[in-house]
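In this note's numbering, the protein residues as written are 2 to 252. Don't be surprised by glycine CBs; every beta carbon is placed ideally from N, CA and C.
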């Protein structure tokens, strides 16, 4: 063995040592990553690398996954089109990015969990066969549910605000109309009494509405709707009486 061969062997060993060290560092980073990471090898998409987060979202242990085809571990994913996505990424070399995708994952006992994921499929560079695709996934179910809850809350508040505006406008219009009647009919005690009665009834309605709003605010802005019997005839009569001034103005 020549001196050159010795130096070559030493350099090779040093290079292999650095590569092994870097691979160990990479494995530790992957293992502690907060997102699910896996490396799947085609054409059966067998896991070559898998971190605890990936095992967790599949409801398996790492030993259940490594060296096993993805769709053998979780056949329900194939039914949801994920094999087709992996095949397409492998064939085109174009990454696939999914945002908030609804995915149903089964536990070994068949218990189903519907989750939301952001995920990326990306083919590793080069023409090496078999093809390998990096899978990175993040469970965003909690974020998605919170966003949906916020949107529903905002819509409910918007609807509530419109209803409140309508409920306030109706008695205010009645009060305004009957105040004009009072101004014109001061010499007619019967009309004055009628106007005062209608105004008082609508003031009471506004007061009740404001009380309901205060109670809703005290209860974290939630409103409980309560059913109760209503005298429809009296309700119609009150509405007609409240609108009489506006009707008179029209005619």
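| Check | Outcome |
| --- | --- |
| Where does residue 110 sit, in a helix, a strand or coil, going by DSSP? | coil |
| Taking buried to mean at least 16 other C-beta atoms within 10 Å of its own C-beta, is residue 52 buried or exposed? | buried |
| Tell me where the alpha helix (DSSP H) around residue 79 begins and ends. | 76-80 |
| Alpha helix (DSSP H) containing residue 48: first to last residue? | Residue 48 -> not in any alpha helix (DSSP H); beta strand (DSSP E) instead, spanning 47-51. |
| Mind checking whether residue 73 and residue 133 have CB atoms under 8 Å apart? | no |
| Please list the terminal residues of the continuous beta strand (DSSP E) segment that includes residue 41. | 37-42 |
| Rounded to whole angstroms, what's the CA-CA distance from residue 77 to residue 93? Just pull it up for me. | 24 Å |
| Find the nearest neighbour of residue 142 within the set 83, 100, 34, 79, judged by alpha-carbon distance. | 100 |
| So, using beta-carbon positions, are residue 207 and residue 138 closer together than 8 Å? | no |
| With a threshold of 16 other CB atoms inside 10 Å of the CB of residue 144, please say whether the residue is buried or exposed. | exposed |
| Between which residues of its own chain and residue 79 is the CB-CB distance below 7 Å, once the five residues before and five after are set aside? | 72 |
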